[in-house]
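Enquirer: Residues 690 to 1168 (the working numbering) make up the sequence shown, in order.
Have a look at the structure that comes next, please.
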Amino acid sequence: MHRIKLFLEKYFHLSKHNTSCRQELLAAVTDYFTLLYILSLVPEVIVGSFPNAINANGEIILSAQVLNGITAGQLLASLSIASFWAAGIGSILIGLATNMPFIQGPSLAIATFTVYTVCNGFGYTYYQALAIVFLSGVFFFILSATGIEQKIHRAIPQNIKYAVTAGIGMFITYTGLLKAHIINFDGGFPSIFDMLALDTADTRSAWLAIIGIILIVILLEKHVHAAIFIGKIVCIALAVPLGLLHITNMISFKDIPLGAVLFKPDFHLISGDTPRSRIFSLTTLLIIIFSICIMDIFETMSMLIATDHVLKMNDEKARIKGRTLRILEVDALTTSVGSLLGITNVSTYIESTTGVIEGARTGLTAVITGLLFIATSVFAPFAGFVPSAATATTLIVAGVLMMNVIKNVDFDQPADAVSAVFTIMLMPLTNSILTGIGFGVIIYLLTRVFMGKGHRVNPLIYIVALLFAIVLIFLPRNA
C-alpha cells in the first residue's frame, strides 16, 4: 500500500497540488454518482435511431424486435455497457495524459443531434452515424494538433468567458431543479412543486433534495471536507424510507448482444446514382461532420473555461493553459474510440466541476472515476438505482458555486452586458450550452459591427460566429 501511494504521489504530484489520495477518491466517487444519470440516459436516446424501438409516446418498447432478432431491451443493455466502457476509457486516458481532474463520457447533446438530425433527419443508419462520429474525431484531432482550437479559445473575449462559466452554473442548477422535481412543467410553463402532496414521489423527491442542499450548505459553511459527497450519501440513505430508491426498467443480462454495437461503424456514406447526387451526398456529409466537430470543440472549451474559474488558483490556471492542446487531442482521440465502442460521441463533461469543487486537483480523480465506470459496467442497465434527488443536490450546489463568477462580468458596458446575458440566459432556457455560447458570440460581433467597431474585433471571432450560425441552423432544438 505504501509503494502504491508513493507511485501515485510521484506520477500525479499530489502534494504539489495540495491534495491527497483520500481527497481525490472522494471527488471521484462524487463525480461517479453525479454522472450516472447521463451514462444511462444517452443509450435511451440512441435506441430512438432504430426503427420500431419507440412508441407514439416516446417510450422504449423493450420487447420490440429492432435488429436481426435483437430486442430494444437487449440493445439498450448493450449500449448501456458500452456507455460505461467509453466513459471509463476516456476518463482514464485524459487523467493519465493531462493530470487534470476531467471526466469524459458520451455527450447527451451530440447523441441527440446524431439520432434526431443525422439518423432520423438525414436518413443515415446508426452504424453510418458511428462512422461519421469517427471521422469528426479525426477532424477534431487535426484542428487540435495544428493549434487552431487554441487560437479560437484565446480569441473569445474574457467577458464572454465569465458569462460562459456563470451560464453553465445556471444550466447545471436548472437541470438539478428539474431532476429533483422542485420545478415541474404544467401546460408548458414551469411551476414549483406541490409542497403538501407528500403522497406523491415527486414531492418527496423535491423535499429530499432541499434537505440535502441545506445539509451541504451547512457543511460548506463549516468548511467540512467532502461536504457534497456527504450530502449525496445522506440523500441516498433517506431515499430508502421515502420509497425513492428502486430499480426501474430492469433488463435481463441473459445473452446481451455486445456484438451488435462494438466495432460497427459503416463507412459507406456516399450515395447517389449520378455525379450531382453524389456531390450533394458528400456536401451533406461534410456539413454533418463539421457540425459534430464544432459541438465537441465548444463542449470541451466551455468545460475548460468553467474549470479555469472554479479552481481559482493561479498555478491551476497555468496548468490548464499549458495542457489545453493535450486535453483537446485526447478529447478528439476518445471521440473516435467511443464510436468504435458503439457510442455516438465521447466528450469532456462540464459536470467535472462537481469533482473539482469537492477537491479534485489531479488526474487521479479521473482515473479512479474511470475505473469505477468500468468496474460497474455490468450493472450499467441499473444506473437508475441512484435517486434523482441525490444527483440533483450535487448539480444544484455545484451550479450555484459556479455562478459566483458572474460578479466579474462587466455590466457597465451595454454591448458587453447584452452578449453576456444572452450567453447566460439562453443556456438554461434552451437547454443547450452550445446555443448560449453561439448566440453570445454572434451578438457580441453584431453589436460591435453596427457600432462601427468591427475592425477592433479579432478576425477569428468572425469565423467563429459564422461557424456557430451554420451549426445552430442544423442543431436540433433539444440538443
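All C-beta atoms, glycine included, are put in the ideal place defined by N, C-alpha and C.
For clarity, every value in this text was computed on a predicted model and none was experimentally measured.
(1) Could you pull out every residue in the same chain whose Cβ sits closer than 8 Å to the Cβ of Ile959, ignoring the five residues on either side in sequence?
(2) So, does the segment 777-796 touch the segment 1044-1054, judging by three or more C-beta pairs under 8 Å?
(3) With DSSP run on the structure shown, which of helix, strand or coil describes Gln1102?
(4) Out of Asn1147, Asn1120 and Ser1121, state which residue places its alpha-carbon closest to the alpha-carbon of Tyr1133.
(5) In angstroms with no decimal places, state the Cα-to-Cα distance between Gly948 and Val1067.
(6) Taking its Cβ as the centre, do 16 or more other Cβ atoms sit within 10 Å of Ser930, making it buried, or is it exposed?
(7) Pull up the CB-CB distance for Gly826 and Thr1024, whole angstroms please, since I reckon it's below 8 Å.
(8) Spatial neighbours of Leu1029 within its chain, please: C-beta separation below 6 Å, excluding the five flanking residues on both sides.
(9) DSSP beta-bridge partners for Gly1169?
(10) Any idea which residues DSSP pairs Ile759 with across the strands?
(11) Could you check the C-alpha separation between Leu993 and Val923 for me, to the nearest Å?
(12) Using the beta-carbon count (16 or more within 10 Å), is Ile735 buried or exposed?
(13) Classify Ile849 as helix, strand or coil using the three-state DSSP reduction.
(14) Rounded to whole angstroms, how far is the Cβ of Ile636 from the Cβ of Asn1034, which I believe are closer than 8 Å?
(15) Hey, how far is the Cα of Ile841 from the Cα of Val1153?
(16) Can you tell me the Cβ-Cβ gap for Val853 and Ile1126, rounded? I've got them flagged as a contact below 8 Å.
(17) Could you please give me the residues that DSSP links to Ile861 through a beta bridge?
(18) Threshold first: 4 residues or longer. Then list the alpha helix (DSSP H) segments lying entirely within the segment 1107-1143, N to C.
(19) Answer with yes or no whether the minimum CB distance from Lys840 to chain E is below 8 Å.
(20) Identify, in the order they occur along the chain, each residue of the same chain with its Cβ nearer than 7 Å to the Cβ of Phe830, setting aside the five sequence neighbours on each side.
(21) How big is the Cα-Cα spacing for Leu1090 and Thr864?
(22) Of the residues Thr723, Arg893, Leu909 and Asn873, which one's Cα is nearest the Cα of Ile1083?
(23) Evaluate Met884 with the Cβ neighbour count: other Cβ atoms within 10 Å of its Cβ, from every protein chain shown; 16 or more gives buried, anything less gives exposed.
Expert: Here's the rundown:
(1) Arg967, Ser970, Leu971 and Leu974
(2) yes
(3) coil
(4) Asn1147
(5) 15 Å
(6) Note on identity: in this sequence residue 930 is Pro, with Ser being the wrong assignment. Classification for Pro930: exposed.
(7) 3 Å
(8) Phe952
(9) In the structure as shown, the chain starts at 690 and stops at 1168, and residue 1169 therefore has no counterpart that could be examined.
(10) Leu756
(11) Cα-Cα distance, rounded: 31 Å.
(12) buried
(13) helix
(14) In the structure as shown, the chain starts at 690 and stops at 1168, and residue 636 therefore has no counterpart that could be examined.
(15) 7 Å
(16) 6 Å
(17) Among the bridge pairs identified by DSSP, Ile861 is matched with none.
(18) Restricting attention to alpha helix (DSSP H) runs no shorter than 4 residues, the segment 1107-1143 encloses them at 1122-1139, ordered along the chain.
(19) The structure shown contains no chain E; it holds only a single protein chain.
(20) Glu1018, Ala1021 and Leu1022
(21) 15 Å
(22) The sequence given here has Thr at residue 1083, not Ile. For the residues Thr723, Arg893, Leu909 and Asn873, the minimum Cα distance to Thr1083 belongs to Thr723.
(23) exposed
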